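Here's the structure, in structure tokens; my notes come after.
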Ligand SMILES: Cc1ncc(COP(=O)(O)O)c(C=O)c1O
Ligand SMILES: Cc1ncc(COP(=O)(O)O)c(C=O)c1O
């Protein structure tokens, strides 16, 4: 009964972020400090994500999130928030280019059946940027309106 | 791995007679001393029995046999020969009444699937008595002619 | 880290006494039970004695027991055995079941539907129990339409939520309407009465992997007079109903397991029920918005299935796993599929709660200390996950 | 008394190294391989690693291996899997086999015949080998009649007489005529090349009980692209082709067994072949009118099947048994049925000799000393039984 390496279905990175998620919203009162807000997923599918972004000089400088979902959903939102905040923040245009694939890669991969979960992170981000763009009349950002009921 | 009792498919009695059969024909020359001869079974079915009887004063006083067949076939012929010879021999009329059941009983029973074998013994005996009756014009014995090809 | 195993309904460890009983048949007394030499006969004897022991427990004859390779196989044999028999007579017919059955039943029926049988699933109430009235109406409706009801298959107790069906009454009802009842008793063997005469069932499936015996073993009880087509054709083993070299060690282990279960049933059921009720009470007290799934009374002694509002099952499972606590969930995320438990949906749980369910199945080796430790860790886990959840509003 | 086991083709003892490898999965690492917690994942890992090992040996991908519960089940899955697939498309068709197959093949085909498939058995020569020409004619004849040949199933090597069929050539022939080949390789695993690419087979059955692994285990190799209906419906295990809780210890044991067999194949085959040829030569020299059944060259290294004129097999078997020598026979008397071996009849043996056959199947633990002792006892046994036989005339 040799258990080589870890006996997790997920990568070490996923495990790390799932067990110690970063940047999640601890206090509902913090919301008012943020400039954009997105929600994707639904309870029927078992995944729901909310994301808040703070923008300064066209750069995302802070991120908070809440997630209902499995370990990979939680870890992928957590690592996305870290990605966005590193090196002093992420320009909005660059943030819009982040894909599910990028997140998955940063996580060190995901089991095939779980790939769909990581896709929610970039969608929540896009929804938050859309919200920011709407509020600030930033049609130049060319971000699409998120779908109401997001099935995956 | 407790093996209670013996690990044979057959009774102790069958085992005994099979391993140490009694009264089989050792020497073909002996045949001439006998008064009746019967053969039943066939090679297709895997059982063939030959029996010789010596008759004196309407009594079978000696028996010899040869058998090709499984353990129960050998044991049943052997025990039948013993049955016939005990107490100084068996009157012909009494011998004709011996059934497969009697033999099986004396053997301490047989596995269900094997019962058919023991039936050959009494048939071989009947064939030998028929032969004796034919040779000695003993129609009073009322023994039927054995079937040519005995399938069972 | 020592593991706390709360997944006994998924499978049980092999009990030492059971392994010990079977071990000589691996490498010492290993012959084929169909061989005629002494070692073969000794294997046959072990087989026959196992069958005799089990027959006594099931209160049936030895010829009514068919050893198979799993619960799934027994179920497939029972259902397809009846269906193929009809098919060979040039008939088909209706098979009735209910919504919370194990996939082995549901998918077997789905397949029979593809080849032309009529299949009906009746629903359950919010405890997971079928309505006898609905079952009766379903049977008689079919019969009125001229459709022969060739089989009713209703599980004895559910593997996810532990709900116990009124099998005795169901059997009586089936017989009243001249139809046959198969019951899947895989989860019942350890704790419930499996006397086939008392239950009145015609076919009953059991397996070894849930009763501290071996994986890959099972049996089908088949009442005398019920006729089945074999599923595995070949040699003449198992009264010509199930071909293949007999798995003597597996069968010896199954017999020993059933014997032990039988002997300890009363005391173990009592002990485990008490522990279960303590566990449920504690959770409900310590963790707000936790909802027990299934019935409070018609429930397997060892089953706790509970949904936590605002959190997802796989997350709970994996965080408990980090604390050495092994559980199962009805969440889609932990099923290698994408749908939440069909059982939880059948009892009317909304998707959110179905996704947030955890099953603790207690066993022989469960202690109160383990339960206490688990409650403590569970409390913290739920609290944390609710903190990061967008749907939890205190 | 120490037993001399010459019944390795009926089943083998579990080898110590193999039991050791599997033992931790009984009571320590015992979880259900579909469970999501760490113990479940570790079971899954053991499963996957076993599959990987076997895939390497069979020279195939992991997805091409379906674990089952026996050789019989694999055979039923292969044949009925193909047949039911056709049936669901509203078609039937012809399945071709040959006369010396194991009952698992013959009785599966007999059953499919009952439900409307066309089945054909071609004959064999007196060595037990089929004629490629006859097979080709049979296929093309069917095709000319407009009957689709949906499957050819020919065993790799025979369990009674050890005859090896030219599987590679048979596979080529089947593919030339666009039909599929299944081969029953249960007896071949230990000694012959089972590289699926080299053989070119589409489906191949193996089992554990003949290779020093566990009874109740087996696998089916299924080439990518070949489509089967499952036989056991239920959970989603084994790529949705074979439902039921995975028998992890059994699978681990099977993988270890195949690994050992693979490693030792060359040396063991050589050793056993030598012993076999010595055994045969000795018998033929010491016992007059003894006739080897099967082929002298196209023969499994471990198989000796020989008929003794004038004596019946069960009698030989039981008298050898008394000397601690365990063998098998093609005699009707030792088969729980009443017909002599269909294999011996198929190679043209008359009934008398078919009834008088004894099979010695050598194995891993067979020694020359055992062979010598056996020959001595065999000689005496035959002599004695011939003395009491009415058909023996010296
Ligand atoms: C209720 C029920 N039925 C059937 C089965 C199938 O049994 P097995 O996995 O032995 O095939 C199980 C367990 O998996 C079960 O819990
Ligand atoms: C050639 C052959 N095929 C199939 C089988 C059936 O295998 P099992 O007994 O594992 O079902 C056997 C052994 O019994 C065999 O020798």
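Chains as they are written, first to last, in my numbering: chain A, 12 to 163; chain B, 12 to 163; chain C, 24 to 417; chain D, 24 to 417.
All C-beta atoms, glycine included, are put in the ideal place defined by N, C-alpha and C.
Quick caveat: nothing in here was measured; it's all calculated off a predicted structure.
Review point. If you check the beta carbons only, do residue 197(D) and residue 229(D) fall under 9 Å apart?
Key: In this structure, residue 229(D) does not lie closer than 9 Å to residue 197(D) by Cβ.
Practice item. Identify whether residue 159(C) lies in helix, strand or coil by the three-state DSSP scheme. Key: helix
Exercise for review: Assign residue 42(B) to one of three DSSP states: helix, strand, or coil.
Suggested key: helix
Check your understanding: Is the closest heavy atom of ligand 4 to the C-beta of residue 32(C) under 8 Å?
Key -> Looking at this structure, you won't find ligand 4 anywhere; what it does contain is ligand 1 and ligand 2.
Exercise for review: Pull up the CB-CB distance for residue 364(D) and residue 353(D), whole angstroms please, since I reckon it's below 8 Å.
Suggested key: Contact between residue 364(D) and residue 353(D) holds: their C-beta atoms lie close to 3 Å from each other, under 8 Å.
Check your understanding: Of the residues that make up the region 63–95 of chain B, which ones have a beta carbon closer than 7 Å to any beta carbon in chain D?
Key -> 77, 78, 79, 80, 81, 82 and 85
Review point. Which ranges would you report for the alpha helix (DSSP H) in the region 211–257 of chain C if only whole runs of at least 4 residues count?
Key: 219–222
Practice item. Starting from residue 75(B), follow its DSSP beta bridges and name the residues at the other end. Key: 63(B)
Point to revise | Alpha-carbon spacing of residue 349(D) relative to residue 343(D), whole angstroms | key: Residue 349(D) and residue 343(D): Cα-Cα distance of roughly 7 Å.
Practice item. Under 6 Å Cβ to Cβ from residue 80(D), same chain only, skipping five residues before and after it: list those, please. Key: Only 281 and 285 meet the Cβ criterion.
Review point. Where does residue 362(D) fall in DSSP's three states?
Key: Of the three classes helix, strand and coil, the one that applies to residue 362(D) here is coil, per DSSP.
Check your understanding: Taking 9 Å as the CB-CB cut-off, is residue 324(D) touching chain C?
Key -> Output row for residue 324(D): interface = no.
Check your understanding: To the nearest angstrom, how far is it from the Cα of residue 129(C) to the Cα of residue 29(C)?
Key -> 26 Å
Review point. Taking three-plus beta-carbon pairs below 8 Å as touching, is the region 260–273 of chain C in contact with the region 209–218 of chain C?
Key: no
Exercise for review: Compute the Euclidean distance between the alpha carbons of residue 270(D) and residue 238(D), then round it to the nearest angstrom.
Suggested key: 11 Å
Review point. Looking at the C-beta of residue 43(B), does it have a partner C-beta in chain D at a distance below 9 Å?
Key: no
Point to revise | Pick from 64(A), 33(A), 100(A) and 29(A) that is closest to residue 43(A), judged by C-alpha positions | key: 64(A)
Exercise for review: Pick helix, strand or coil for residue 344(C), following the three-state DSSP scheme.
Suggested key: Residue state, collapsed to three classes: helix.
Practice item. Could you name the residues of the same chain whose beta carbon sits closer than 6 Å to that of residue 17(A), not counting the 5 residues immediately before and after it, in chain order? Key: In this predicted model, residue 17(A) has a pLDDT of only 49, less than 50, meaning its place in the structure is not dependable; the value taken from the coordinates is given anyway. Result list for residue 17(A): empty, nothing under 6 Å.
Check your understanding: chain A partners of residue 375(C), CB-CB under 7 Å?
Key -> Ordered by position in chain A, the residues that pass the 7 Å Cβ test against residue 375(C) are 54.
Check your understanding: CB of residue 81(A) to nearest heavy atom of ligand 2: below 8 Å?
Key -> no
Exercise for review: Thinking residue 376(C) and residue 314(C) are a contact (beta carbons under 8 Å), I'd like their distance in whole angstroms, please.
Suggested key: 6 Å
Exercise for review: Take the Cβ of residue 412(D) as the centre, count every other Cβ of all protein chains shown within 10 Å, and call the residue buried at 16 or more, exposed below.
Suggested key: Looking at its Cβ environment, which holds 16 or more other Cβ atoms inside 10 Å, residue 412(D) is buried.
Check your understanding: Do the region 68–77 of chain A and the region 327–335 of chain C make contact, defined as three or more Cβ pairs closer than 8 Å?
Key -> no
Exercise for review: Kindly list the residues whose CB is nearer than 7 Å to the CB of residue 139(C), restricted to its own chain and excluding five residues on each side of it in sequence; keep chain order.
Suggested key: 115
Practice item. Return the CA-CA distance between residue 34(C) and residue 225(D), expressed in angstroms with no decimal places. Key: 34 Å
Review point. Beta carbon of residue 58(C): closer than 8 Å to some heavy atom of ligand 2?
Key: No, since every heavy atom of ligand 2 falls outside the 8 Å radius drawn around the Cβ of residue 58(C).
Practice item. Report back the beta-carbon spacing between residue 336(C) and residue 379(C) to the nearest angstrom; my notes put them in contact at under 8 Å. Key: 6 Å
Check your understanding: Since residue 328(D) sits in a beta bridge, which residues does DSSP pair it with?
Key -> 382(D)
Check your understanding: In whole angstroms, what separates the C-alpha of residue 234(D) from that of residue 277(D)?
Key -> Going by the C-alpha atoms only, they are around 8 Å apart.
Check your understanding: Name the chain C residues whose beta carbon is nearer than 7 Å to that of residue 61(A)?
Key -> By Cβ distance, chain C contributes 413.
Check your understanding: Does the beta-carbon distance from residue 382(C) to residue 183(C) come in below 9 Å?
Key -> yes
Check your understanding: Given residue 13(B), which residues of its chain have a CB within under 8 Å of its CB, disregarding the five upstream and five downstream residues?
Key -> Residue confidence is low: residue 13(B) scores 31 on pLDDT, short of 50, so the model does not pin down where it sits. Its coordinate-derived value is still stated next. Counting only Cβ-Cβ distances below 8 Å, and skipping sequence neighbours, we find nothing.
Point to revise | Spatial neighbours of residue 138(A) in its chain, beta-carbon cut-off 6 Å, leaving aside the 5 residues before and after | key: The beta carbon of residue 138(A) is closer than 6 Å to those of 49, 51 and 157 in its chain, skipping five residues each way along the sequence.
Point to revise | Distance, residue 396(C) Cα to residue 242(D) Cα | key: 42 Å
Point to revise | Extent of the continuous beta strand (DSSP E) run through residue 313(C) | key: 313–315
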